[in-house]
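The opening position of the sequence shown corresponds to residue 95 in the numbering used here, with each subsequent residue numbered one higher. Glycine residues also receive a C-beta, built at the ideal position from the N, C-alpha and C atoms.
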Amino acid sequence: MVHPAASNVYSVFGGEMIVEPLIDGGAGCDVCCWNTPVQDAYTALFADRLKDIDLDGFRLDAGFSVDNCSSLVHKGYGSECGWIDDKGNVQPSKHLFAARRAAQRVYRLFHDPKAQDGRKSGGVCIQHVHGGNRYDPILANMDAVLSVEGAELMMKSLDEFPLDFYRANVMGDQHGYQVVYLPKSRAMGYDSFHGLALLHNFNPRGGYPAAFTKTPTVAPPVRRGNLARTRVDRPVRQGHGVLGLLEKRQALQTSSPHLLSGFQVRRGEKLLLCAMNFTRKPMEGTITIDLKALGFGGKVYAFDPIIKEPVALDGKSLKLTFTPEGFRCVEIASKPFEVFVPEKIGENLIPEADPSKCRTAARLPGGPPANMWTRSRRSN
Ligand SMILES: [Zn+2]
95 MVHPAASNVY
105 SVFGGEMIVE
115 PLIDGGAGCD
125 VCCWNTPVQD
135 AYTALFADRL
145 KDIDLDGFRL
155 DAGFSVDNCS
165 SLVHKGYGSE
175 CGWIDDKGNV
185 QPSKHLFAAR
195 RAAQRVYRLF
205 HDPKAQDGRK
215 SGGVCIQHVH
225 GGNRYDPILA
235 NMDAVLSVEG
245 AELMMKSLDE
255 FPLDFYRANV
265 MGDQHGYQVV
275 YLPKSRAMGY
285 DSFHGLALLH
295 NFNPRGGYPA
305 AFTKTPTVAP
315 PVRRGNLART
325 RVDRPVRQGH
335 GVLGLLEKRQ
345 ALQTSSPHLL
355 SGFQVRRGEK
365 LLLCAMNFTR
375 KPMEGTITID
385 LKALGFGGKV
395 YAFDPIIKEP
405 VALDGKSLKL
415 TFTPEGFRCV
425 EIASKPFEVF
435 VPEKIGENLI
445 PEADPSKCRT
455 AARLPGGPPA
465 NMWTRSRRSN
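Okay, here's the thing in structure tokens:
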């Protein structure tokens, strides 16, 4: 059977580079096979853009996707397309190794330690992760992957997806890649996705979903920037005390099966905890952590870095309140937290512009902005 092509150029050019039988990739596009010279063309175009516009990296969508192809003439780019079964029929194979070769070649353009001839060292390679490329040989050649259109795209509430779903389908830790995450569900709060990101070690993606998400779980936008900051100093990034999931489960209990929690720890020094309410009702819950087992001996301190308030820690129990499908982030440390306190650090250079005398500044809610004459201090 002849499949109608979306493009009519193949009689002139390129017919040898598309998969057989033809796959409609959508949007008037036919799907190419990586096991063809299209791999050379793709790599060369990236190399050209490095030279003429100094490209810093890329973010691909379908990208290095693997598809079925049964063309017996596709050879030489890492895979063997097509094979003949015991009855003499041609069967398709997946051009996995050709797609890997393409990913490797492009990665090398942006990560060349001896960068010259237009090549780059330290570019950023990001690829959307999906069913067509969820293979370690391919994704090992990415700096990060992006996940926004998984099954959670249709999510109506958090309890539809158990934790295991994220561990098996979304997290990249076990494969060595970092996931940028924020599914485009229209029925979920922005805040809930930030909580999931914290719980599962994703980097939250900003922008798009917030534009149309109108649910009671939406949190004030202030959370976003603060969350990003708290993630920067996550202890696990320092290479200390990475625990297995089972070990974490043994050290942590929550007061309700609908209250889920996880943490990263630098043994005996500091711990970053996320707890999340998986119900659509406000909740008050208790989280118990075996701090002794995690190396904390003496006094410990707890602080919420998002709302910037100390949290009461009774021995090893935290009592927390949650918004519907909301999350809490708590830092625990063996040393007291140094909390930002506005403080004057010198004389004003222009005395008449002193914020206390400036009409505009005085009218601001809460008075003049603290950073007009102070410097932020924070350690721990
Ligand atoms: Zn092929």
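CA-CA distance, residue i and residue j?
{"i": "Phe-107", "j": "Arg-195", "result": "24 Å"}
{"i": "Thr-417", "j": "Cys-219", "result": "37 Å"}
{"i": "Ala-135", "j": "Pro-351", "result": "53 Å"}
{"i": "Ser-105", "j": "Asp-155", "result": "28 Å"}
{"i": "Val-103", "j": "Ala-121", "result": "16 Å"}
{"i": "Ala-197", "j": "Gly-170", "result": "16 Å"}
{"i": "Met-111", "j": "Val-132", "result": "6 Å"}
{"i": "Phe-439", "j": "Val-433", "result": "Reading the sequence as shown, one finds Ile at residue 439 and not Phe. Each residue's alpha carbon lies about 17 Å from the other."}
{"i": "Leu-149", "j": "Phe-397", "result": "41 Å"}
{"i": "Gly-266", "j": "Ala-193", "result": "19 Å"}
{"i": "Pro-445", "j": "Ser-279", "result": "52 Å"}
{"i": "Ile-232", "j": "Ser-355", "result": "32 Å"}
{"i": "His-294", "j": "Val-223", "result": "16 Å"}
{"i": "Ala-234", "j": "Tyr-201", "result": "10 Å"}
{"i": "Val-160", "j": "His-205", "result": "23 Å"}
{"i": "Glu-419", "j": "Gly-283", "result": "8 Å"}
{"i": "Gln-268", "j": "Asp-180", "result": "38 Å"}
{"i": "Gly-109", "j": "Asp-258", "result": "43 Å"}
Taking 6 Å as the cut-off, is the beta-carbon of residue i closer than that to any non-hydrogen atom of ligand 1?
{"i": "Cys-175", "result": "yes"}
{"i": "Ser-187", "result": "no"}
{"i": "Asn-162", "result": "no"}
{"i": "Cys-127", "result": "yes"}
{"i": "His-168", "result": "yes"}
{"i": "Ser-165", "result": "yes"}
In the DSSP assignment, find the alpha helix (DSSP H) that holds residue i and state where it starts and stops.
{"i": "Asn-263", "result": "257 to 263"}
{"i": "Phe-296", "result": "Counting along the chain, Phe-296 falls outside any alpha helix (DSSP H), and DSSP gives it neither H nor E."}
{"i": "Tyr-201", "result": "190 to 204"}
{"i": "Ala-138", "result": "132 to 147"}
{"i": "Asp-267", "result": "It is not in any alpha helix (DSSP H) - Asp-267 carries neither H nor E in the DSSP assignment."}
Beta-carbon within less than 7 Å of residue i's beta-carbon, same chain only, minus the 5 sequence neighbours each way: which residues are those?
{"i": "Asn-263", "result": "Gly-244"}
Assuming residue i and residue j are in contact, meaning their beta carbons sit under 8 Å apart, how far apart are those beta carbons, in whole angstroms?
{"i": "Val-394", "j": "Leu-388", "result": "Their Cβ separation, rounded to whole angstroms, is 10 Å, which puts Val-394 and Leu-388 out of contact at 8 Å."}
{"i": "Glu-425", "j": "Leu-366", "result": "6 Å"}
{"i": "Gly-176", "j": "Ser-164", "result": "4 Å"}
{"i": "Leu-346", "j": "Ile-400", "result": "Going by Cβ atoms, the distance from Leu-346 to Ile-400 rounds to 20 Å, so no, they are not a contact pair."}
Looking only at its chain, what residues have a beta carbon closer than 6 Å to the beta carbon of residue i, apart from the 5 residues adjacent to it on each side?
{"i": "Arg-153", "result": "Ile-220"}
{"i": "Val-274", "result": "Ala-238, Leu-240, Asn-297, Arg-299"}
{"i": "Phe-191", "result": "Gly-172, Ser-173"}
{"i": "Gly-373", "result": "The sequence as given places Thr at residue 373; Gly does not occur at that position. Same-chain partners within the cutoff: His-352."}
{"i": "Gly-270", "result": "none"}
Just reading off the beta strand (DSSP E) that residue i is part of, what are its end residues?
{"i": "Ser-105", "result": "Where Ser-105 is concerned, there is no enclosing beta strand (DSSP E), given that its DSSP letter is neither H nor E."}
{"i": "Leu-166", "result": "Here Leu-166 belongs to no beta strand (DSSP E), and DSSP marks it neither H nor E."}
{"i": "Ile-426", "result": "421 to 427"}
{"i": "Asp-118", "result": "118 to 120"}
Got a sec? Which residues, its chain only, sit under 8 Å from residue i by beta carbon, not counting five neighbours each side?
{"i": "Glu-378", "result": "Lys-413, Leu-414, Thr-415, Phe-416"}
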